[in-house]
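Visitor: What follows is a structure written as structure tokens; I'll ask about it next.
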Amino acid sequence: MAISKAWISLLLALAVVVSAPAARAEEAAAAAEEGADAAAAEAVLTLDADGFDEAVAKHPFMVVEFYAPWCGHCKKLAPEYEKAAQELSKHDPPIVLAKVDANDEKNRPLATKYEIQGFPTLKIFRNQGKNIQEYKGPREAEGIVEYLKKQVGPASKEIKSPEDATSLIDDKKIYIVGIFSELSGTEYTNFMEVAEKLRSDYDFGHTLHANHLPRGDAAVERPLVRLFKPFDELVVDSKDFDVTALEKFIDASSTPKVVTFDKNPDNHPYLLKFFQSSAAKAMLFLNFSTGPFESFKSVYYGAAEEFKEKEIKFLIGDIEASQGAFQYFGLREDQVPLIIIQDGDSKKFLKAQVEPNQIVSWLKEYFDGKLSPFRKSEPIPEVNDEPVKVVVADNVHDFVFKSGKNVLVEFYAPWCGHCKKLAPILDEAATTLKSDEDVVIAKMDATANDVPSEFDVQGYPTLYFVTPSGKMVPYESGRTADEIVDFIKKNKETAGQAMEKTDEWERAWMIVAVDMEEEGT
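Written as structure tokens, this is what we have:
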């Protein structure tokens, strides 16, 4: 299962915070002051729900930042985004940068429509909104300008000379080149289609002359796609120009066999892909600067090669940069060195205080289904007498599904502004319903507890309403205490109704069982 965008942002943000020098914070503060002074001449276009569609239709290329006023990362980005907007307004044609306050109730439908799950989120709107892509470039002014200038040009640049190749192909980045006999035909068309689709993720080029490329060979059999990368085998080729196959080739080839989680920002694009993947993930965490790091690294890389045919991705992480990962997975530093696996169903398997010679055998046990899952949970509260009850991973099933009550449960994050705003509202609703023995309002800190697989929690807060008969629906109604109370009163089941529904299900199952018996099943 892929990790939600909100959590991925936290994982990478904490790594950046650890590595950023104090001077960076001072620069950001100074820039913020400058931005405040220049507010009257703001180059960033401010949009809301009323004029959003019109603005998208007006501009063939526009970048939109979805932000929240309380978000620290948004405040840090603001002066850099404004500087970039001022510079890009001079571009021919001008490149438009805009922003939307996604925290404003009026703009919530926009945030829902464009799947905004964390702040800030930047999206590129091309061709009057017909093509929408995630912005995956730098977050400082100079980098934003450079990245977006590339985004408005052709998706793939023609390489006509060795000098072109030298200027375009950076040995520290991924670069994808299509090598053709002629710049036409199905293969060329498919390559350009993929380049346009993936241009926000990768740089593309095309050429008629393979010998112009680094390590190029004039006798190469064309057409061919060659992917240059700064890790593993450095160069990989494919001759399959089917669009889907080409996308899969690029995806598989553009991530290291073992992703490194450390303070180096050059590794963050690979981390982003790693955590967004729905594949199982094996993660080894240890201290890179002390202990037998090289022994662990050698064995772990060997394991990644040994199990390369399995549907699993590998990561090695330095505990000094991995606080976000430890928080997400519920790990402690005294368990290091440790290896943890999260499978496609979000089940976790942990081996603490692992030794290098135990890694391969433990992985084999996982693939053979011999390991028991590990669950992250806060302690069950000894006292739970507040209006909104606290549930944790170790008691959520008993509390929500087996209590015989109608339960409105909130999954929240302590740092989430929307959650903080909702907290007193839920308290008020719970107090109003206190005398109703059939109803409970509860909350779970989804950052400190594993969320049961029955609930789809991609952002915070997420609320579900569960009845005694097992009916479960996402709560998507109003966020006032009165609206919450009205919803619960209209949708709750009494103990008798729940029993009737259970009896109906039992009778239905008996009918099915009889039919199966008569058919000899």
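Residue numbers (mature numbering (1 follows the signal peptide of the UniProt record, and there is no 0)): -25 to -1, 1 to 496.
Ideal Cβ placement from N, Cα and C applies to all residues, glycine included.
(1) For L261, does the three-state DSSP call read helix, strand or coil?
(2) Expressed to the nearest angstrom, what Euclidean distance is found between the alpha-carbon atoms of A60 and A73?
(3) Indicate whether V75 and L85 have their beta-carbon atoms separated by less than 7 Å.
(4) So for P84, helix, strand or coil by DSSP?
(5) Can you check DSSP and say which residues form a bridge with V363?
(6) How long is the line joining the alpha carbons of A398 and F100, rounded to whole angstroms?
(7) The beta strand (DSSP E) with V441 in it runs from where to where?
(8) Under the DSSP definition of a beta bridge, which residues are partnered with D178?
(9) Give me the DSSP bridge partner(s) of L290.
(10) Considering only DSSP beta bridges, list what Q302 is partnered with.
(11) Thinking just about the alpha-carbon of each residue, which of Y275, A300, E55, R350 is nearest to the one in V120?
(12) Suppose the cutoff is 6 Å on Cβ atoms and the five residues either side in sequence are ignored; what does the same chain contact list for A6 look like?
(13) Is DSSP giving S131 helix, strand or coil here?
(14) By alpha-carbon positions, which one of N165, Q103, G180, K125 ends up nearest to K135?
(15) Which residue marks the beginning of the alpha helix (DSSP H) containing Q251, and which one marks its end?
(16) Could you check what DSSP says for F324 in three-state terms: helix, strand or coil?
(17) Under a Cβ-count criterion, where at least 16 other Cβ atoms within 10 Å of its own Cβ denotes burial, should S410 be classed as buried or exposed?
(18) Based on the DSSP secondary-structure assignment, which residues constitute the bridge partners of T21?
(19) Do L383 and F440 have their C-beta atoms within less than 7 Å of each other?
(20) Let me know if L247 comes out buried or exposed under the rule of 16 or more other beta-carbons within 10 Å of its beta-carbon.
(21) Helix, strand or coil for L199 per DSSP?
(22) For A417, write down the residues that DSSP places opposite it in a beta bridge.
Guide: For this structure:
(1) strand
(2) 9 Å
(3) Between V75 and L85, the gap from beta carbon to beta carbon is short of 7 Å.
(4) The three-state secondary structure of P84, taken from DSSP, is helix.
(5) Looking at the DSSP assignment, V363 forms no beta bridge with any residue, so it has no partner.
(6) 35 Å
(7) 437 to 441
(8) Y150
(9) V234, M258
(10) Beta-bridge pairing links Q302 to no other residue.
(11) E55
(12) Below a pLDDT of 50, predicted positions are generally treated as unreliable, and A6, at 44, falls in that range; no measurement from the model is reported.
(13) Strand, per DSSP.
(14) Selected option, being the one with the closest Cα: G180.
(15) From DSSP, the alpha helix (DSSP H) with Q251 extends over 243 to 251.
(16) strand
(17) exposed
(18) K74
(19) Yes, they are a contact pair.
(20) buried
(21) Note: L199 maps to strand in three-state DSSP.
(22) K364, V384
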